[in-house]
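Trainee:
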Amino acid sequence: MEEQYYQQARTKVQKKKKFFNHLKTFIIINVVMSLVVAMDGDMFGFLPATLFWGMGLAFHYVKVFGIPGTNILTPEWEDQEIEKEMERMKGSKPPEETTFPPAPPEKPLDLKELRKNYDEKDLV
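If you count by the numbering used here, then the sequence shown holds residues 11 to 134, one letter each, in order.
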């Protein structure tokens, strides 16, 4: 059990480490790009790339830490939801015991014969 907790904690720490490396790379690249662009004179040349990269960084943050100010989408929230779902499933019938009402008997369809719109010699 101790090993399982260690592995879960290690996985969470690795995800946080990857996020902070992503953030560090984002900051360094954007500082360098802003200096290069400032020397060139075009101040808005790199903004679209920064904007989209920043959006990706924000999604990465939410994936690792959850939505700020709430407990939603955090690993703890996920564990709580899994426990709730397991309790709900224990209280209900297992899927094997679920019964469905019998299907009504099928009657054959009365369809008219389709007309051929081609000649047999047209076929390859």
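All C-beta atoms, glycine included, are put in the ideal place defined by N, C-alpha and C. Bear in mind that the values here come from a model prediction, so they are computed numbers and not experimental data.
So, do the region 85-95 and the region 44-57 have three or more beta carbon pairs nearer to each other than 8 Å?
Mentor: No, the region 85-95 is not in contact with the region 44-57.
Trainee: Suppose the cutoff is 6 Å on Cβ atoms and the five residues either side in sequence are ignored; what does the same chain contact list for N40 look like?
Mentor: Correct list, in chain order: T60.
Trainee: Taking Cβ positions, are F36 and L67 nearer each other than 8 Å?
Mentor: A contact, by the Cβ cut-off of 8 Å.
Trainee: In the structure shown, what three-state DSSP assignment does E86 receive?
Mentor: DSSP places E86 in helix when its eight states are reduced to three.
Trainee: Select from K22, P112, I38 and L124 the residue whose C-alpha is nearest the C-alpha of F75.
Mentor: Residue K22 is the option with its Cα nearest to F75.
Trainee: Which residue marks the beginning of the alpha helix (DSSP H) containing Y128, and which one marks its end?
Mentor: Where Y128 is concerned, there is no enclosing alpha helix (DSSP H), given that its DSSP letter is neither H nor E.
Trainee: Using CA atoms only, rank isn't needed, just tell me which of Y15, L33, V46 and E116 is closest to M65.
Mentor: Checked all of Y15, L33, V46 and E116; the closest Cα to M65 is L33.
Trainee: Note the first and the last residue of the continuous alpha helix (DSSP H) segment covering E12.
Mentor: Per DSSP, E12 belongs to the alpha helix (DSSP H) from E12 to D50.
Trainee: Between T84 and the rest of its own chain, which residues show a CB-CB distance below 6 Å, the 5 nearest in sequence each way excluded?
Mentor: Only G76 meet the Cβ criterion.
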